[in-house]
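Residue numbers (the numbering used here): -7 to 363. Ideal Cβ placement from N, Cα and C applies to all residues, glycine included. To start, the structure itself, in structure tokens.
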């Protein structure tokens, strides 16, 4: 079976990992500091906070935006549930925006009619690694005094109009979970446009304790002004991340190469029932996913599996989950269309030239069966 996902862990991580495991210090320390310094160029900002998960990063962003009871956040149902559970855990309401059915990303035209007096934030997602229309979203947020949180869990290494994406929103979250482009086994990152938010976030990720303040007796005598969380990363995860950074450029190139092959093949083969998403040339996806739209998704999944190829919708629309159904749901035609037809095919670093040729030939065979 050609897998849809695969963990990348090179043998070269063994030595530095064993060294830190037996160093006597495995909490948040110098390795975390080094990882944040190394990640800053990838983000386009120095305001980088490594965390224990991408979900924690989103929750911390909501806390920094002072989202709480009585507030509402405009968000997308086309995402992992980890995007929206932090909103619930912040005791805020979710207002579902519609998506562009050709990309799976939030449609900016659906946002403005949803804004109410208690709306404080817009949560948007880079589906598969492709950025939504951030200029339009940021413009709406500026007009109404809202903050923008970009869930870029899929989008490490992506670009938007030639820029690194870590500083184009008030807050940007990345995931370093097991199967992402860059894994630390489990971890995440939050970037903040405001230095004040960055400094506050640095306190809140570790209970609210100022780990860099002057002290004579460990941290015991320091006052905690604002209660925080245990969301920090540790040196074990950071050591893995530092080694992964030596390989992530090559990983990203392989994802992009496979995606470009698929793009060319879909154009050349002119299939009728299986179509790729429609991307603009002003941004570069990291292609954590290569999503296509098919007429009969379940039949497609079964057909591909019978040929030894794993495919999946990956995430189901969140507005149908019981934990979210209490929130307002108007007509979402874009979500309906995208959710019915979207499915992702293998695109990652493990997909060989022979694999991708087999995948495209099998898709074409299925397309002819449907026709």
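Buried or exposed by the 16-neighbour rule on C-beta atoms within 10 Å, applied to residue 312: exposed
Cβ pair residue 276, residue 150 closer than 7 Å: yes
In chain order, each beta strand (DSSP E) run of at least 3 residues that lies wholly inside the segment 156 to 237: 163 to 167 and 180 to 184
Proximal residues to residue 62 (C-beta, below 7 Å), its chain only, five neighbours per side dropped: 110
Limits of the unbroken beta strand (DSSP E) element including residue 283: 282 to 286
Continuous beta strand (DSSP E) assignments of at least 3 residues falling wholly in the segment -3 to 79: 40 to 43 and 64 to 67
As assigned by DSSP and simplified to three states, the class of residue 243: helix
Cβ distance (whole Å) where residue 75 is taken to contact residue 40 below 8 Å: Not confirmed; about 20 Å, so no contact.
Residue 263 - DSSP class collapsed to helix/strand/coil: coil
The segment 246 to 256 contacting the segment 329 to 345, beta-carbon criterion three pairs below 8 Å: yes
Paired residues, beta bridge with residue 116 - DSSP: 142
Start-end ranges of the beta strand (DSSP E) lying completely within the segment 286 to 340, minimum 3 residues: 334 to 337
Beta-carbon gap between residue 163 and residue 230 smaller than 7 Å: no
Burial state of residue 172, where buried means 16 or more other Cβ atoms lie within 10 Å: buried
Residue 354 in three-state terms, based on DSSP: helix
Through-space distance from residue 126 to residue 282, alpha-carbon basis: 21 Å
Rounded C-alpha distance that separates residue 266 from residue 234: 39 Å
Exposure label - residue 44; buried when at least 16 CB within 10 Å: buried
Residue 105, DSSP secondary structure in three states: helix
Option nearest residue 28 by Cα separation, candidates 102, 132, 225 and 66: 225
Residue(s) in a DSSP beta bridge with residue 276: 151
Distance between residue 310 and residue 316 (C-alpha atoms, nearest Å): 7 Å
Residue 85: first and last residue of the uninterrupted beta strand (DSSP E) it sits in: 85 to 88
Distance CB(residue 392)-CB(residue 174) smaller than 7 Å: Here the chain has residues from -7 to 363 only, and residue 392 is not among them.
C-beta atoms of residue 72 and residue 360 nearer than 7 Å: no
For residue 100, the three-state DSSP class (helix, strand or coil): helix
Same chain, Cβ closer than 7 Å to residue 123, neighbours up to 5 away in sequence not counted: 147, 150, 152, 157 and 275
C-alpha distance - residue 170 paired with residue -1, whole-angstrom precision: 6 Å
Sub-7 Å separation of residue 161 and residue 142 beta-carbons: yes
Opening and closing residue of the alpha helix (DSSP H) in which residue 129 lies: 126 to 136
CB of residue 18 within 7 Å of CB of residue 227, strictly: yes
7 Å CB neighbourhood of residue 288 in its chain, flanking five on each side removed: 362
Nearest-angstrom Cβ-Cβ length linking residue 202 and residue 196, presumed shorter than 8 Å: So it is not a contact: roughly 11 Å between Cβ atoms.
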